[in-house]
Amino acid sequence: MTGPNSPQQALPWLIQGGMGIAISGWPLARAVASTGQLGVVSGTAIDNVFVRRLQDDGIDDELQAVLDGFPAQGVVEDIVYKYGTVRRTGSQPYRSLPALTHASTGRSIDAIVLASYVDVALAKMGHRGPVGINLLTKVQLPTAAALCGAILAGVDYVLMGAGVPTHIPGVLEQLSLGRPVVLPLSVTGAASDSPVASLHFDPTPYLGAATLHRPRFIGIVSSHVLAAALAKRSNGPVDGFVVERPSAGGHNAPPRGAFAVDDEGNPRYGERDVVDFGVLADLGVPFWIGGGITSALDVRDAFDLGASGVQVGTLFAYCDESGMDPDLRQRVLHDVKCGSVSVSTSLRASSTGYPFKVAAVAATISDAGVYAQRTRKCDLGYLREAYLKPDGTTGYRCAAEPVDAFLRKGGSIEVTDGTTCLCNGLMSTCGLGQYRADGHREPPIVTSGDEINNIRQLLVGRESYRASDVIAHLGGDRLR
């Protein structure tokens, strides 16, 4: 294990998973970073999380101090005036930001930069521990703006998965120098060198006098093959990897090659999906192991495989500092303590095409009746697919939107069956679900790793637990 005199002592042995939407918010990241481990905020939908919280909670002293430190005060004044001057009450719908497109400008981009800055700055308050931000490669449109805001706040690490982000190391370098960047945009039907297949972002309007620093970049991968490809093809240094096993929550990589499913429709992973940790070690950069880490023995096993430590999500998802809606969190904890919660790996739930872990929790989208009663709607749009329209312009579609609309845009009927609006569902999971015109609220969806029932170990003699309890349970007192 890594001891106090190890040459890797500057590295955290524990990375707290970047769970979205807002499950890994600044309170959780701050709690973990305060112990010297890597606290991570989720950048997924961070702009709408920010403006909805302004409508619910307004601005307290801590938030005001952070807002006062943002270099572009005109942006602060505009966003606060638009979303923070009037409180939302009862079942009144939230005022949301418009869904992003490649042509979005102004307030839409400003809100991403500011929201990312705010969450990272709040996470870094009151301690010297490391703070990171987690983004999904698949969610392309807000990436540059979210990275800019995080860098302005002094983020220490950037973690990205759900794709192969070979362009991000170079983007981090350019943004840290205050330079404009160009990012690739995947547009179905368009050539990679098409003018519509790129995104441009200029950080200049947000820069202040402070010197910016490039954060470390950690790629989240599912195999040694992807790790090697990312290390070889990236346009800048990759500072480490998190290797997520299929037992991890959220989006999973599909099995490599052709694969079968079990009797419940879960994909079967085989020999091609086994990670060769020797190959990882030969890449010469640190790596952490994620997925199914729920005990001190799991941590010890990771070190024995040559890892610098572990990434842990599920145990933190249900702690007091988690951003999960408190009532929903307590229901899950009760179910775990009094019985068990099953988790399936759905090949249909996510419109991205990636397998997605869904926990069976009453009154959530996992309930077939709740799913059937929900009116299909796509008004947040983070997981929409960009596609080339017949007239040569770029359109956007999502398999979770109304079926007729998806078909009119050239989508296939087969992929709509069982697809869930993760954007609205996960926004409800963190307590910010939209209220519709008839007064009902969007139902939540709970994602967890396969080993969710192992949180029972943290509930002996109590009804809840804190982030510090997770770290102690995993061996923090002995490893520090």
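Counting the sequence shown from 1 gives a position; the working numbering is that position plus 872.
Backbone N, C-alpha and C fix where the C-beta goes; we use that ideal spot for every residue, glycine too.
| Check | Outcome |
| --- | --- |
| Three CB pairs or more closer than 8 Å across the region 1286–1293 and the region 1267–1274 | yes |
| Residue 981 in three-state terms, based on DSSP | helix |
| Given 8 Å, three or more beta-carbon pairs between the region 895–910 and the region 1184–1199 | yes |
| Three-way DSSP call (helix, strand, coil) for residue 875 in this model | In this prediction, residue 875 has a pLDDT of 36, which is less than 50 and means its spatial position is unreliable; what the coordinates show is noted afterwards. Three-state DSSP puts residue 875 in coil, outside helix and strand. |
| Extent of the continuous beta strand (DSSP E) to which residue 1085 belongs | Per DSSP, residue 1085 belongs to no beta strand (DSSP E) and is neither H nor E. |
| Minimum C-alpha distance to residue 1142 - residue among 1129, 1135, 1154 | 1129 |
| Sheet register partners of residue 1183 (DSSP bridge) | 887, 1162 |
| Candidates 1338, 1229, 947, 1053: closest to residue 1318 by CA position | 1229 |
| Backbone secondary structure at residue 1048 - three-state DSSP | helix |
| Cβ neighbour criterion (16 or more within 10 Å) applied to residue 1049 | exposed |
| Enclosing alpha helix (DSSP H) for residue 1072 [first to last residue] | It is not in any alpha helix (DSSP H) - residue 1072 instead sits in the beta strand (DSSP E) that spans 1070–1073. |
| Classification of residue 988 by the beta-carbon crowding that lies within 10 angstroms, buried from 16 upward | buried |
| Distance between residue 1326 and residue 1019 (C-alpha atoms, nearest Å) | 34 Å |
| Completely contained alpha helix (DSSP H) runs for the region 1000–1058, where each covers 4 or more residues | 1015–1024, 1040–1048 |
| DSSP bridge partner residues for residue 1077 (one or two, in chain order) | Answer is none; residue 1077 lacks a bridge partner. |
| Local Cβ density within 10 Å of residue 1107, reported as buried at 16 or more and exposed below that | exposed |
| Helix, strand or coil at residue 916 according to DSSP, with G and I counted as helix | coil |
| Straight-line gap, residue 1087 to residue 1132 (C-alpha atoms, nearest Å) | 40 Å |
| Identified DSSP bridge partners for residue 1259 | 1060, 1267 |
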